[in-house]
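Accompanying notes for the structure given below.
2 protein chains.
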Amino acid sequence: MNSENTTIYDIASEVGVSIATVSRVLRGETNVSPATREKVQQAIDRRNYRPSSIARWLTSKTTHSLGIILPKLLNPHYAMIFTGAQEEARRLGYTMSLFPWASLDTDAYNPATMLIERRLDGLIVCVEYLPPDHDELVHEALRTLRRFMPVVLIGCVPPWYDFPAVANNNAAMMRSIVAYLTAMGHEKIAFIGGVQEDKDPHRRDIGYEEGLQDARLPYTASYRVYGKGTPEAGKAALEEMLGSLKRDYWPTAIIALNDLVAMGCLETARKHGISVPGQMSVIGCDDLFCAPYLFPSLTSVNTHQQQTGARAVQLLISGEQRRESVEWELVERASCAPFNSEKGES
Amino acid sequence: MNSENTTIYDIASEVGVSIATVSRVLRGETNVSPATREKVQQAIDRRNYRPSSIARWLTSKTTHSLGIILPKLLNPHYAMIFTGAQEEARRLGYTMSLFPWASLDTDAYNPATMLIERRLDGLIVCVEYLPPDHDELVHEALRTLRRFMPVVLIGCVPPWYDFPAVANNNAAMMRSIVAYLTAMGHEKIAFIGGVQEDKDPHRRDIGYEEGLQDARLPYTASYRVYGKGTPEAGKAALEEMLGSLKRDYWPTAIIALNDLVAMGCLETARKHGISVPGQMSVIGCDDLFCAPYLFPSLTSVNTHQQQTGARAVQLLISGEQRRESVEWELVERASCAPFNSEKGES
DNA sequence: ATGTATAATGTAAGCGCTTCCATTCAGATC
DNA sequence: GATCTGAATGGAAGCGCTTACATTATACAT
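Below you can see the structure in the form of structure tokens.
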């Protein structure tokens, strides 16, 4: 392909100048006479010549290309992060490629090798809810990688990862969600989702427990169900919880790990004839595009994922070695309402 | 960065062999004595050496990197296509980078220049519902691009685009959806969404009209509302339709351009107290992950987007110049039901 | 002992750019 | 008219690999 494989030599000889001059025109340097510039430019246009960035990179030792590693793009949460990162990268003149998690922890080939060989100018890694058995592997891979390129982390970054990062403090966020619910009079508040053995102290369920303490509410093991962050998991988890509890003890508010889990919870509630928010409030997290269109529309927390992605790119390029966090805000919709003990069962 | 900027020369001199020998070890060639191979490999491991693909590319004239251009990743439909393409690319040893539409039609810089300079081995472009005023621009950009790299198209590809493509025949699909609804007794069937002036004969609304003809139903202009493919647009469009029609003439079935539009329609129906599917059936398209969790769960059409993306990559790499289409299948859920003329208004 | 095939390794010329340094040539200065 | 200056341009050495070809060493046949 690229049959018109024109090089800088072709242009130079066509015009009758040296390649150095063509290079100068190409990069808009000023020390070229207007007449020469004009002739060269015409030849470039005539031949449809585009300089090879490959060759350029070899000289300049920089590729202006970044990488990002995400668990999966099918979850809109990650798609938003990716979009934010990609757009910011482009704005700054960089290209963004997506690499799957396998690049890091399960590649038969030496992990991360492909990333290094590509001579990326930087890498963003979204570490979220790492299964405990992956933690050490991933951490090791990251340490290797950073010897070759700047690495910025996104997500729920364990404090013992000494990397620049854009990490929302999920714990603080959850804590305030609990406060939001207790202020509404809820006392039986459940939390659904998340990895059980995750060691990260900032994870969402830690905040849940802190929130309960703030409100002097007891932590009840049956109100805490672990599971993957999918709709199916949320559905099954709430199902299980309701099944194991007498009706009087059913929670009046559910905090879901994220909106996907919340979707599953809404489904289960519907199936059991529990009215939301009449008998049970449900709150999600991430504020996915579909949250307003669920029934009832889902109260959630906007975690500004696009901004997170963009900020990570900025840190990557500026080289700042900081760990920062992004604002979040509660988006009130119909799925949460004050607890009303008078209300009868429907 | 990359402080350990080791090159093939470093390894060669460390071991005391020529760079050619190191290169042979690197690429696993057999004509190296076991002893030498061992020594070289040890030096490589010791120095943590990773050959630069940049230099390799310069020689080999191939970058093993592909590009994909999508309207926007925030729409899960495109995220699925991207995921399918990305995974297949990786499986085949290629990298996949995302480029925004702007690369093609609005770049201040010469469109597509960045793509060409990067010397991609191929490009996938998702052309869907091109606004008519963009069609010529995009077509022109694509023609330029294909002179430099193989291009495969995805989506609703107009027949006058002479490119290899993976295009579902949206018209045929829609036609059968209409058949599905008429078989259920619906006669007042509306279609919501899409670009009005799109010239493509395979677009979804053409199939809608064909379907009506099949069933000997009249085409009613008021049942056809144009609009963007978003939930908001769907909401507003149905709103407008209901507002302009006497209650007796309200459609009993809505075909939405896609699931996003369908989400908006469900919302409007809910707001007007129209029960779905009791008084009005709604069918979407694309079968997004949230379709089962809407209320009522949304009947939709699975268009196998991941497979579409994967197939496009295969065409790209194999170089086959064919235009093919991917299967689709109706996924029946709760939002469509037979029309029952006896049923009273709620 | 000589010749020949085979395996192992080295040499060097690219690949298409950037960039430092050298050269040329006006025009200005004395 | 000789010298100097600075703008415009060219020469050539990389950048880090691959690879065709050349060279050397080894083994075996004659």
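From first to last, the protein sequence lines are chains A and B. Following my numbering, the residues of the first sequence are numbered contiguously, the last one being 346. Following my numbering, the residues of the second sequence are numbered contiguously, the last one being 692. Every residue, glycine too, gets a C-beta built ideally from N, C-alpha and C. Being a predicted model, the structure only gives us computed values, none of them experimental.
Which two residues bound the contiguous alpha helix (DSSP H) that contains A/C265? Per DSSP, the unbroken alpha helix (DSSP H) holding A/C265 starts and ends at 259–271.
Rounded straight-line distance, which links the Cα of A/S341 to that of A/M184: The alpha-carbon atoms of A/M184 and A/S341 are separated by roughly 11 Å.
Taking only beta-carbon atoms, is B/E613 less than 8 Å away from chain A? Answer yes: the Cβ-Cβ gap between B/E613 and chain A drops below 8 Å somewhere.
Does the distance from the CB of B/L461 to the CB of B/L416 come in under 8 Å? No Cβ-Cβ contact shorter than 8 Å links B/L461 with B/L416.
Is A/S318 helix, strand or coil by DSSP? If DSSP states are grouped into helix, strand and coil, A/S318 belongs with the helices.
Is the shortest distance between the beta-carbon of A/W101 and the beta-carbons of chain B less than 8 Å? Among the residues facing chain B, A/W101 is not included, as its CB has no counterpart in that chain under 8 Å away.
Cβ shell of B/Y563 (< 8 Å), same chain only, five flanking positions each side left out: According to the sequence shown, residue 563 of chain B is Leu rather than Tyr. These residues qualify, in order along the chain: T528, E533, I535.
Is the shortest distance between the beta-carbon of B/G690 and the beta-carbons of chain A less than 8 Å? Bear in mind that the predicted position of B/G690 carries a pLDDT of just 47, short of 50, making it too unreliable to give a figure here.
Quick one: does B/R465 have its CB under 8 Å from some CB of chain A? The C-beta of B/R465 comes closer than 8 Å to at least one C-beta of chain A.
Comparing alpha-carbon positions, which option in A/Q305, A/A253, A/S297, A/E88 lies nearest A/E327? Comparing Cα-Cα distances from A/E327 to each of A/Q305, A/A253, A/S297, A/E88, the minimum goes to A/Q305.
Proximal chain B residues relative to A/C290, where beta-carbon distance stays under 7 Å: What A/C290 touches in chain B: M609, C636.
Quick one: which chain B residues come within Cβ less than 9 Å of A/R270? Within chain B, F641 have C-beta atoms less than 9 Å from the C-beta of A/R270, given in sequence order.
Would you mind sorting A/D200 into buried or exposed? The rule is 16 or more other CB atoms within 10 Å of its CB. With a threshold of 16 other beta carbon atoms within 10 Å, A/D200 meets it and is buried.
Measure the Cβ-Cβ separation of B/G655 and B/T429 and say whether it is below 8 Å. Yes, they are a contact pair.
Buried or exposed for A/G234, going by 16 or more other Cβ atoms inside 10 Å? Buried.
Using the rule of at least 16 other Cβ atoms within 10 Å of the residue's Cβ for burial, across every protein chain shown, is A/N168 buried or exposed? The residue in question, A/N168, is buried, as its Cβ has 16 or more Cβ neighbours within 10 Å.
Shorter than 8 Å from the beta carbon of B/I462 to some beta carbon of chain A? Interface with chain A (8 Å Cβ-Cβ cutoff): B/I462 is included.
Measuring CA to CA, which of B/G468, B/A458, B/H485 is closest to B/L755? Chain B is shown from 347 up to 692; residue 755 of chain B falls before or after that span and cannot be answered.
Report the residue from A/S23, A/A112, A/T95, A/A165 whose alpha carbon sits nearest the alpha carbon of B/G413. In terms of Cα proximity to B/G413, the closest of A/S23, A/A112, A/T95, A/A165 is A/T95.
Go ahead and pull the three-state DSSP assignment for B/T528. Shown here, B/T528 sits in a helix according to DSSP, grouped into three states.
Can you pull the chain B neighbours of A/A55, defined as C-beta to C-beta under 8 Å? Scanning chain B for C-beta atoms nearer than 8 Å to the C-beta of A/A55 yields L404, reported in chain order.
Is there a C-beta anywhere in chain B that falls below 8 Å from the one on A/L242? False, the Cβ-Cβ gap to chain B never drops below 8 Å.
Environment of B/Y565 [buried if 16+ CB atoms lie within 10 Å]: Residue burial annotation: B/Y565 is exposed, with fewer than 16 other C-beta atoms found within 10 angstroms of its C-beta.
Nearest-angstrom Cα separation, counted from B/L640 out to A/G344: Unreliable placement is indicated for A/G344, whose pLDDT of 47 sits below 50; the coordinate value is still reported in the next sentence. If I take the Cα positions, the gap works out to 27 Å.
Kindly indicate if chain B contains any beta-carbon less than 8 Å away from that of A/S335. Against chain B, the CB of A/S335 has no partner CB under 8 Å away; the residue lies outside that interface.
Where B/S664 and B/F509 are concerned, what is the direct C-alpha to C-alpha distance, given to the nearest angstrom? Taking the straight line from one Cα to the other gives about 14 Å.
Under 8 Å between C-beta atoms, does A/T95 make it to chain B? Answer yes: the Cβ-Cβ gap between A/T95 and chain B drops below 8 Å somewhere.
Does chain A have any CB closer than 8 Å to the CB of B/S301? Absent from the structure is residue 301 of chain B, since the part of chain B shown begins at 347 and ends at 692.
Rounded to whole angstroms, what's the CA-CA distance from A/R118 to A/S52? Just pull it up for me. One C-alpha to the other measures close to 16 Å.
Quick check: is the beta carbon of B/P422 nearer than 8 Å to any beta carbon in chain A? Answer yes: the Cβ-Cβ gap between B/P422 and chain A drops below 8 Å somewhere.
Are the region 500–508 of chain B and the region 433–440 of chain B in contact at 8 Å, needing three or more beta carbon pairs? With the cut-off at 8 Å, the region 500–508 of chain B and the region 433–440 of chain B do not touch.
Report the rounded CA-to-CA distance for A/V152 versus A/S297, giving the unit in angstroms. When rounded, the separation of the alpha-carbon atoms in A/V152 and A/S297 is 35 Å.
Does any CB atom of chain B fall closer than 8 Å to the CB of A/S52? Cβ-Cβ to chain B under 8 Å: yes for A/S52.
CB contact check: B/T429 to chain A, cutoff 8 Å: By this cut-off, B/T429 is an interface position.
Cross-strand partners of B/F537 (DSSP beta bridge): Looking at the DSSP assignment, B/F537 forms a beta bridge with B/R570, B/I601.
Would the beta-carbon of A/A112 fall within 8 Å of that of A/A312? For the 8 Å CB-CB criterion, A/A112 and A/A312 do not form a contact.
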